[in-house]
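*Asks:* Encoded as structure tokens, here's the structure I'll be asking about.
Residue numbers (the working numbering): 18 to 208.
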């Protein structure tokens with residue numbers, strides 16, 4: 018069986034991938050993500066490009082590599098990880114009482130340069146929220162390392178009126194329904 022590598026240091030993606038029951042190794046991609054972000058690309062294309070670059074940076078013979086990227090698109094603008102409490106509050110104030118897209122792209126490649134792209138787009142409708150509610154939420158979940166400044170798997174679920182998704186796991190960082198199918202088709206034993 019081929020080795021499986023997750024081109025990510027994200028604890029969220031690692032926990033999700035464990036759900037497929039496959040042994041894998043998580044490695045830091047060998048790219049400078051900030052330098053590779055092209056502001057001229059549409060949000061979906063940017064996520065797909067970054068996922069591909071991450072996977073290809075670790076490709077090796079006998080290894081299947083999964084690269085992933087996730088970003089939030091709100092009114093045509095990409096919102097990344099806030100990194101600070103103040104920026105998290107700003108992002109949530111900007112998105113409250115409106116709809117945005119959570120774009121989750123994966124790229125799976127082997128050592129022969131064969132690759133498969135898959136992108137999941139989840140539409141999220143955020144409630145009307147006061148600054149006080151947003152500050153309380155940010156202090157509760159501390160979503161500073163999450164695109165869009167929320168953790169849907171925790172209290173962040175309560176920020177939304179409606180979530181439209183084909184694969185709920187994609188919201189957390191990896192679309193497991195499609196990833197499981199792709200890996201099974203590649204010869205991995207998935208239940």
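No residue lacks a Cβ here, since even glycine has one placed at the ideal position from N, Cα and C.
1. Name the residue from 125, 168, 48 whose alpha carbon lies nearest to the alpha carbon of residue 185.
2. Where DSSP assigns a beta bridge to residue 84, which residues make up the other side?
3. Name the DSSP beta bridge partners of residue 142, please?
4. CB-CB under 6 Å to residue 135, same chain, minus the five flanking residues each way: which ones, in chain order?
5. Quick check: the Cα distance between residue 148 and residue 177, rounded to an integer number of angstroms?
6. So for residue 44, helix, strand or coil by DSSP?
7. Mind checking who residue 90 pairs with in its DSSP beta bridge?
8. Determine the contact status of residue 21 and residue 207, defining contact as a CB-CB distance below 8 Å.
*Replies:* With the structure as the only source:
1. Within the chain shown, numbered from 1, the residue matching residue 185 stands at position 168. Residue 185 has its Cα closest to that of 168, out of 125, 168, 48.
2. Translated into the one-based positions of the chain shown, residue 84 becomes position 67. BP columns for residue 84 point to 24, 124.
3. Sequence index remark: in the chain shown, residue 142 carries index 125 (1-based). Looking at the DSSP assignment, residue 142 forms a beta bridge with 116, 179.
4. As a position in the chain shown, residue 135 is number 118, starting the count at 1. Around residue 135: 123, 195.
5. As a working mapping, residue 148 is identified with position 131 in the chain shown. As a working mapping, residue 177 is identified with position 160 in the chain shown. In a straight line, the C-alpha of residue 148 is about 15 Å away from that of residue 177.
6. For the purposes of this step, residue 44 is taken as the residue at position 27 of the chain shown. Residue state, collapsed to three classes: strand.
7. Position 73 of the chain shown, counted from the start, is the residue given in the question as residue 90. Its beta-bridge partners are 95, 118.
8. Position 4 of the chain shown, counting from 1, holds the residue named residue 21. Position 190 of the chain shown, counting from 1, holds the residue named residue 207. No, the Cβ-Cβ distance between residue 21 and residue 207 is not below 8 Å.
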